[in-house]
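Order-wise, the sequence lines are chains A and B.
Position 208, counted from 1, in the first sequence is what the working numbering calls 231; the numbers after and before it change by one each time, with no gaps.
Position 115, counted from 1, in the second sequence is what the working numbering calls 177; the numbers after and before it change by one each time, with no gaps.
By construction, the Cβ of each residue, glycine as well, lies at the ideal position given by its N, Cα and C atoms.
All values derive from a computational prediction rather than experimental measurement.
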Amino acid sequence: MAENIQPGTIQDQEEVKVQSGRARAALPAADLPDKVHTWPYLVRAEFISGCILLLVLMVWSITVDAPMEEPANPTKTPNPSKAPWYFLGLQEMLVYFDPWIAGVLLPTLIIVGLMIIPYVDINPKGNGYYTFSERKFAISTFLVGFLGMWVGMITIGVFFRGPGWNLFMPWDYWDPHKVVPLTNIDLPYKIGFRSQMGAMTCGAILVLGWLVGVPGVVWQLKKHTPFMRQLGMMRYGIVATLFMIMAGVLVKMVLRLSLNIKYILVIPNILNI
Amino acid sequence: MPDPEKRRTSLGDIVTNNYVWRSIFRHGYADTPRNRVLQVSANVWLHLHPSKMRRHGIRYRHTWCAGGLTFLLYLCTVVTGVVLMFYYRPTGEYAYWDVKYLDFDIPFGMIMRNMHRWAAHGMVIFIWLHMFRVFMTGSYKPPREFNWVVGVNLLTLTLLLSFTGYLLPWDQLAIWAVTVGTNMARATPLLGTEGPFGPQLGMTPRYDARALLTAGTVVGAPTLLRFYVLHCIFIPVIASILMILHFWRIRKDGGISGPL
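Right, dumping it as structure tokens:
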């Protein structure tokens, strides 16, 4: 306790720490109390931010009207038909994957994957403060997944998709008769496998190699390191599988948008990836 | 009881120094440490907070206030949504015209609907910001693992709340957005008529996961009623229960996260 402050008055220590930089500098760091009163400091911060938010919401609601189109008409399908904006990432994934993967499997994996993050991230550092250097893998993965893919695909869906779900620049005229040649081919065909059996084998090797082979090789190489021992095979398997699926979605998107690749693995009537 | 000896000098004194006021607010108004604690612990709304907290927790740059503002936007949608419910009938023949009536004839109807819609969109944005902030500060780490799980559930429920509300204006935007969204359920493995092994398990367009959502083979009047009940009763109740759990767990898990 610093001697020049009367305990129990308005001049108590937290006031010095919160409000006066000069007084704070005068105190040795060890003497500064870690706790402050919730009233007024937190309540004040909440009140101010709440007021600003409500003000913005009201001005926005006075100036911008909620959309209202013609009455619902099941016989008149608009082109494009877009899901609500926050689901446009999922609708965008329909371009790259079959509906059961894009619309059901991947959303489920996103939700489940988010929920298990605390149970597979065994890094004790970076608990309660901002840091990148102590959590490089976790933060990079999250940034790619959340900002790069989720927010990125929503941006594509909102601003760059027009009639026929074709790509348009935001300033382009939405031509409903835009002709886009359907030149999509499967990856095994592209690299030279012309028979169905050959293409299936090639696709299976690529997909299994990506989802199982790569994580397996990394495990074999690194399993004796202290970190991997602590992580354990179970947690490693879950993290690696989810990570490779997420990276695989990104790879498939790039392949589709740059090389017009439709599928990597085709097993007729059973599975297309 | 007020002190009869004390002279009532100021307006504030007259308002606060009497029997009725003191029956409501147990603590004094002087800015003393004791009263600062009581302002929080003796107030039913504020006692969600601890009466003292670690210093970094009050910094905007640590929390962005994103979680609290998500909750505030939820309260906005509850208040405006209840107002809208007075004027809205979730049936095929009335829904659209009730919304038109709200927009053009009800005093403040338009701004209630605007606020409801924009607050809902804001809630989606702020809950994402909140998740982003919580991840960046590593606040899901022990002992807060389970509260992160509750939060992911709340995130999912927020999206479902917004999605079910999207249908209610019953205009072209609503019906087709929900058609696109619910069509995905057709592809559910095992439970959808176009999903892997769905037909083999006896799924038909009239009897599969999508039909459960839309109450029929197309997005029609039965879907509207179903989404209305989900939107106004079912999901808000579940979400509110999870919010209580979420806020309570923040306290039990040691308050706003911070460097140890």
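query	result
List the whole-angstrom C-beta distance separating THR279 of chain B from ARG268 of chain B, where the pair is believed to meet the contact cut-off of C-beta under 8 Å.	6 Å
Put LYS58 of chain A into one of helix, strand or coil per three-state DSSP.	strand
Skipping 5 residues on each side, what residues in its chain have a beta carbon closer than 8 Å to that of GLY44 of chain A?	Legend: pLDDT at GLY44 of chain A = 46, less than 50; position of this residue unreliable, value from coordinates given subsequently. Contacts found: none.
So, are the CB atoms of LEU65 of chain A and HIS111 of chain B less than 9 Å apart?	yes
Helix, strand or coil, according to DSSP, for VAL281 of chain B in the structure here?	coil
Who are the neighbours of LYS314 of chain B on chain A, taking C-beta pairs under 7 Å?	Simply none; closest approach about 16 Å.
Figure out for me which residue from B:PHE194, B:PRO95, B:ALA104 and B:GLY184 has the closest Cα to the Cα of TRP126 of chain B.	B:PHE194
Would you verify that the beta carbon of ASN79 of chain B is, or is not, closer than 9 Å to some beta carbon of chain A?	no
Would you kindly work out how many angstroms separate the C-alpha atoms of ILE86 of chain B and ASP75 of chain B, rounded to a whole number?	15 Å
Beta-carbon separation of LEU234 of chain A and THR264 of chain A under 9 Å?	yes
Check each candidate in A:GLY260, A:PRO94, A:PHE110 and A:TYR119 and name the one with the smallest Cα separation from SER281 of chain A.	A:TYR119
Three Cβ pairs or more, each shorter than 8 Å: is that satisfied between the segment 106-124 of chain A and the segment 213-229 of chain B?	yes
List the endpoints of the continuous alpha helix (DSSP H) containing MET177 of chain B.	171-198
Short of 8 Å in beta carbon distance, which residues of its chain neighbour PRO258 of chain B, apart from the five on each side in sequence? Order them along the chain.	PRO251 and LEU252
Compare the C-beta of ARG158 of chain A with all C-beta atoms of chain B and state if any pair is closer than 9 Å.	yes
Using a Cβ-Cβ distance under 9 Å, would THR284 of chain A count as near chain B?	The question names Thr, but residue 284 of chain A in the sequence shown is Ile. No, because no Cβ of chain B sits closer than 9 Å to the Cβ of ILE284 of chain A.
Can you pull the chain B neighbours of LEU129 of chain A, defined as C-beta to C-beta under 7 Å?	Near LEU129 of chain A there are no residues of chain B at all, since even the closest Cβ is about 10 Å away, more than 7 Å.
Is there a Cβ from chain B that is less than 9 Å from the Cβ of TYR142 of chain A?	yes
Would you mind reading off the limits of the alpha helix (DSSP H) that contains ARG311 of chain B?	297-314
Would you please state the rounded distance, in angstroms, between the beta carbons of TYR158 of chain B and PRO94 of chain A? I believe it to be under 8 Å.	5 Å
Straight-line CA distance for ILE168 of chain B to PHE148 of chain B?	11 Å
Within 10 Å of its beta-carbon, does TYR196 of chain A have 16 or more other beta-carbons around it, so buried, or fewer, so exposed?	exposed
Does chain A have any CB closer than 9 Å to the CB of HIS308 of chain B?	no
What do you reckon, are the CB atoms on ALA301 of chain B and LEU191 of chain B nearer than 9 Å?	no
Does the beta carbon of ALA277 of chain B come closer than 9 Å to any beta carbon on chain A?	no
Can you tell me whether ASN80 of chain B is buried or exposed, with buried defined as 16 or more other CB within 10 angstroms of its CB?	exposed
Does any residue of chain B have a CB that is nearer than 9 Å to the CB of LYS275 of chain A?	no
Give a yes or no on whether the minimum CB-CB distance between HIS293 of chain B and chain A is below 9 Å.	no
Examine chain B for any beta-carbon lying closer than 9 Å to the beta-carbon of SER104 of chain A, and answer yes or no.	yes
Return no unless some Cβ of chain A is closer than 9 Å to the Cβ of TRP210 of chain B.	yes
Just how far apart, CA to CA, sit GLY200 of chain B and TRP194 of chain A?	40 Å
So with CB distances below 9 Å, who are the chain B contacts of PHE165 of chain A?	PHE194, PHE197 and MET198
What residue range does the beta strand (DSSP E) around MET172 of chain A cover?	Run containing MET172 of chain A: none; DSSP gives neither H nor E here.
Are the beta-carbon atoms belonging to GLY129 of chain B and VAL212 of chain B less than 9 Å from one another?	no
In chain order, what residues of the same chain have a beta carbon less than 7 Å from the beta carbon of VAL181 of chain A, not counting five sequence neighbours either side?	TRP108 and LEU111
Given 8 Å as the limit, tell me if ALA161 of chain A has its C-beta closer than that to any heavy atom belonging to the ligand SAH.	No copy of the ligand SAH appears in this structure; indeed no ligand is present at all.
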